[in-house]
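Engineer:
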Amino acid sequence: MNSSDLPKSYGDASTLQDRHLLDSTGIFAGTSVMTLDGLLSVEYLSPGDRVVTRSGAVILREILSGRVCTETYAIRSDVLGLFDSEKEMALPADQKILIRDQLAKQLTGKNYALIPASQLAPLNGVTRRDAMPLQMYSLIFENDEICYAGGLELLCPANPKRSNSIALI
1 MNSSDLPKSY GDASTLQDRH LLDSTGIFAG TSVMTLDGLL SVEYLSPGDR VVTRSGAVIL
61 REILSGRVCT ETYAIRSDVL GLFDSEKEMA LPADQKILIR DQLAKQLTGK NYALIPASQL
121 APLNGVTRRD AMPLQMYSLI FENDEICYAG GLELLCPANP KRSNSIALI
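Just so it is clear: in the sequence shown, position 44 is 44 by UniProt numbering, and no numbers are missing.
1) Report the rounded CA-to-CA distance for LEU134 versus VAL68, giving the unit in angstroms.
2) Taking 8 Å as the threshold (C-beta atoms), are LEU139 and ILE27 in contact?
3) When you compare only the Cα positions, how much space is there between residue 171 and ALA113?
4) Would you mind stating whether ARG50 and LEU36 have Cβ atoms separated by less than 8 Å?
5) Given ARG76, which residues of its chain have a CB within under 6 Å of its CB, disregarding the five upstream and five downstream residues?
6) Curious, which full-length alpha helix (DSSP H) runs of at least 4 residues does the UniProt domain "Hedgehog/Intein (Hint)" (28 to 153) contain?
7) Since MET34 and TYR137 should fall inside the 8 Å C-beta cutoff, what is the C-beta to C-beta distance between them, to a whole number of angstroms?
8) Please report the distance separating the alpha-carbon of SER55 from that of ASP130.
9) Please report how far the alpha carbon of CYS156 lies from the alpha carbon of PHE141, in whole angstroms.
10) Could you tell me the alpha carbon to alpha carbon distance between ASN159 and THR72, rounded to whole angstroms?
11) Whose CA, out of LEU91, ALA90, GLY109, PRO116, lies closest to the CA of LEU98?
12) Nearest to ASP25 by alpha carbon, out of ARG100, LYS96, SER41, GLY66?
13) Taking just the CA atoms, how far does GLN119 sit from GLY151?
14) Among ARG100, GLY38, ALA121, THR53, which one has its Cα closest to the Cα of LEU91?
15) Within 10 angstroms of its Cβ, does SER46 collect 16 or more other Cβ (buried), or is it exposed?
16) Going straight from the alpha carbon of ASP101 to that of LEU107, what length do you get?
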């Protein structure tokens, strides 16, 4: 499946025949996303909304949703040195997070790095949780973007890889 096969407007991913629509990355229902209108729960976003990203305010092209059963990692906001954010953030194992400074140097030897949530597992304050059914949203922009969600900086790929997709339930 390629990006031209995807719906061009907000919709429930389960309406597509493939049923493997959502990439194994995304944002779970109830997570706050920074927009030009302030923090909004991901389920209230729609195409055309302006989401605050590291490259500025960017127009949301698509949002796909589906109920998935996937392994998650709960990350306390203080693990990444964040304040004024949600107390704990649940993420799919493959969701990439932007880390920087001392933590990035400790884990990767670089000043900045995008790493899957699962790679934070050895840290105190990160808990692996078994697969459970959750409502997940994939935010799709014109280009790859780092958005602010749940107090973390998360990668939202422009063209999610369908090879890593997970089945909808």
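Note that the Cβ used here is the ideal one computed from N, Cα and C, for glycine as well.
No experiment lies behind these values; they were computed from the predicted model shown.
Structural biologist: Reading it off the structure:
1) 5 Å
2) yes
3) Nothing can be reported for residue 171, as the shown portion of the chain is limited to 1 through 169.
4) yes
5) GLU88, GLY125
6) 101 to 108
7) Actually they do not touch by this definition, with Cβ atoms about 15 Å apart.
8) 34 Å
9) 7 Å
10) 22 Å
11) PRO116
12) Inspection of the sequence shows that residue 25 is occupied by Thr rather than by Asp. Of ARG100, LYS96, SER41, GLY66, the residue nearest in Cα terms is LYS96.
13) 18 Å
14) ALA121
15) exposed
16) 10 Å
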